[in-house]
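Remarks on the structure that follows.
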Amino acid sequence: MEYQKTIAKKIVLEGEGIFSGKNIKVEIEPAKENSGINFIRGDLPEKPVIPLKIENVIGLDGATAVTDGKHFIYLVEHILSALHGLQIDNANIYVYGEEIPIFDGSAYPWVKKIQEVGYKLLFYPKKKLYLRKSFQYQNGTGKISFKPSNTLKIKASIYFEHFLIGHQSLEINITPRSYIQEVSFARTFGFKDILFERRNKGILKGGNLSNAIILDKDSILNPEGLRISDEFVRHKILDIIGDIFTLGQPLVAEIEAIYSNHRLHIEALKNIYKTGLLEEVESRALTFLLISKKFKRTE
Ligand SMILES: [Zn+2]
Numbered sequence: 003m004e005y006q007k008t009i010a011k012k013i014v015l016e017g018e019g020i021f022s023g024k025n026i027k028v029e030i031e032p033a034k035e036n037s038g039i040n041f042i043r044g045d046l047p048e049k050p051v052i053p054l055k056i057e058n059v060i061g062l063d064g065a066t067a068v069t070d071g072k073h074f075i076y077l078v079e080h081i082l083s084a085l086h087g088l089q090i091d092n093a094n095i096y097v098y099g100e101e102i103p104i105f106d107g108s109a110y111p112w113v114k115k116i117q118e119v120g121y122k123l124l125f126y127p128k129k130k131l132y133l134r135k136s137f138q139y140q141n142g143t144g145k146i147s148f149k150p151s152n153t154l155k156i157k158a159s160i161y162f163e164h165f166l167i168g169h170q171s172l173e174i175n176i177t178p179r180s181y182i183q184e185v186s187f188a189r190t191f192g193f194k195d196i197l198f199e200r201r202n203k204g205i206l207k208g209g210n211l212s213n214a215i216i217l218d219k220d221s222i223l224n225p226e227g228l229r230i231s232d233e234f235v236r237h238k239i240l241d242i243i244g245d246i247f248t249l250g251q252p253l254v255a256e257i258e259a260i261y262s263n264h265r266l267h268i269e270a271l272k273n274i275y276k277t278g279l280l281e282e283v284e285s286r287a288l289t290f291l292l293i294s295k296k297f298k299r300t301e
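Structure follows, in structure tokens:
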């Protein structure tokens, strides 16, 4: 049987928020079985709790946010990607501000901290979401499809009219190992002109070359360059792993995303949820299901 996990000890990280430019502290605390992921605005006197579930999620143009209708926490996708990638089921995330710090623009700072403290098994069966049938969702040029599967497999394709990006496509079977080695370190990216425009409008108060890959017309401005030649499409997979965790539980499916973004991911997930295509399966029940299927085949 596969058991639920939480982290073994509290994690504290502090860093700059890309939208506010403020220094924000985040504490991830271990949580008990079946409690899921909960965000808490630790900076507010009433400490509002925002449970991670699709009704509480908004997909924006450049980020994913959670809200209880009154309070918000922006840029939750990279911390959620790390927790999902490392298969953490339960955790309380105290955020002392309105957004999760950006750090280097990847999920690796979270992964490193979680690896340092380790995880704790809770001896309750792990719950996962499976698809009853295939689902496809389109929005403008972006498209995402979900097929029933027994493992999480993600294929992403991106296209940017820039000679350093162009078309990139990659498929990865997601396990904690492949997540750490092939996905977690990939940084988000942006274009210098757009960043300046947003900064002038006051939307992006933080952010510099240490938070993202920044491109101008003919080069990458970061002196260290790329971490891997297809870092851009790997970050797309990182974002998808974070966004699909907004269902509150790990989703097991074969996913193909073409020119997708946060808004598309969240709209698609809300539709999947609304149309009743998800089935929650406990690890014990799944084991039984697989055994009984095998047994039938050999009869
Ligand atoms: Zn991202």
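Counted the way my numbering counts, the sequence shown spans residues 3 to 301. No residue lacks a Cβ here, since even glycine has one placed at the ideal position from N, Cα and C. From a predicted model like this one, the values you see are computed outputs, not experimental measurements.
- Message: Please classify residue 45 as buried or exposed, where buried requires at least 16 neighbouring CB atoms within 10 angstroms.
- Response: exposed
- Item | Same chain, Cβ closer than 6 Å to residue 247, neighbours up to 5 away in sequence not counted | A distance below 6 Å between beta-carbons, with the five flanking residues on each side excluded, links residue 247 to the following residues of its chain, in chain order: 82 and 86.
- In the structure shown, what three-state DSSP assignment does residue 299 receive? Residue placement at residue 299 cannot be trusted, given a pLDDT of 48 that sits under 50; what the coordinates show is reported in the next sentence. Note: residue 299 maps to helix in three-state DSSP.
- The beta strand (DSSP E) enclosing residue 192, as first and last residue numbers: Counting along the chain, the unbroken beta strand (DSSP E) around residue 192 starts and ends at 191-193.
- Own chain partners of residue 181 with C-beta closer than 6 Å, once the 5 adjacent residues on each side are dropped: Cβ neighbours of residue 181 beyond the five flanking positions: 87.
- Nearest residue (CA-CA) to residue 161, options 267, 262 and 200: 262
- Query: Quick one: is the Cβ of residue 190 within less than 6 Å of any heavy atom of ligand 1?
  - Reply: yes
- Boundaries (first-last residue) of the alpha helix (DSSP H) holding residue 83: 79-87
- Item | residue 241 CB to nearest heavy atom of ligand 1 below 6 Å | yes
- Task: Measure from the alpha carbon of residue 130 to the alpha carbon of each residue in 223, 251, 5 and 274, then state which is nearest.
- Result: 251
- Item | Rounded straight-line distance, which links the Cα of residue 266 to that of residue 259 | So the two alpha carbons sit approximately 10 Å from each other.
- residue 48 to residue 71 span [Cα, whole Å]: 15 Å
- Within the region 256-282, note down every full beta strand (DSSP E) run reaching 3 residues or more, in order along the chain. Runs of the beta strand (DSSP E) inside the region 256-282: none found.
- Report buried or exposed for residue 216, applying the criterion of at least 16 other Cβ atoms within 10 angstroms of its Cβ. With 16 or more other CB atoms across the displayed protein chains lying within 10 angstroms of its CB, residue 216 is buried.
- Out of 9, 19 and 24, point me to the one whose CA is closest to residue 30's CA. 9
- Query: Regarding residue 195 and ligand 3, is the C-beta to nearest heavy atom distance less than 6 Å?
  - Reply: Ligand 3 is absent from the structure shown, which contains only ligand 1.
- How many Å lie between residue 257 and residue 142 at the Cα? Answer to the nearest angstrom: the Cα atoms are 18 Å apart.
- Query: Per the contact definition of three or more C-beta pairs closer than 8 Å, is the region 58-75 in contact with the region 104-118?
  - Reply: no
- Message: Going by DSSP, what residue range makes up the beta strand (DSSP E) through residue 161?
- Response: Residues 155-162.
- Determine the DSSP secondary structure at residue 21, reduced to helix, strand or coil. coil
- Query: With DSSP run on the structure shown, which of helix, strand or coil describes residue 127?
  - Reply: strand
- Task: Give the straight-line distance between the Cα atoms of residue 154 and residue 137, rounded to the nearest whole angstrom.
- Result: 15 Å
- Classify residue 300 as buried or exposed, calling it buried when 16 or more other Cβ atoms lie within 10 Å of its own Cβ. Because the pLDDT of residue 300 is 44, which lies under 50, any placement of that residue in the model is unreliable, and the question is left without a value.
- Message: Just to confirm before moving on: does the CB-CB distance between residue 196 and residue 103 stay below 7 Å?
- Response: no
- Message: Which of the three DSSP states is assigned to residue 40 in this structure?
- Response: strand
- In chain order, what residues of the same chain have a beta carbon less than 6 Å from the beta carbon of residue 209, not counting five sequence neighbours either side? 20
- Specify, as a first and last residue, the run of the alpha helix (DSSP H) that residue 12 falls within. Segment: none, residue 12 is in no alpha helix (DSSP H) and carries neither H nor E.
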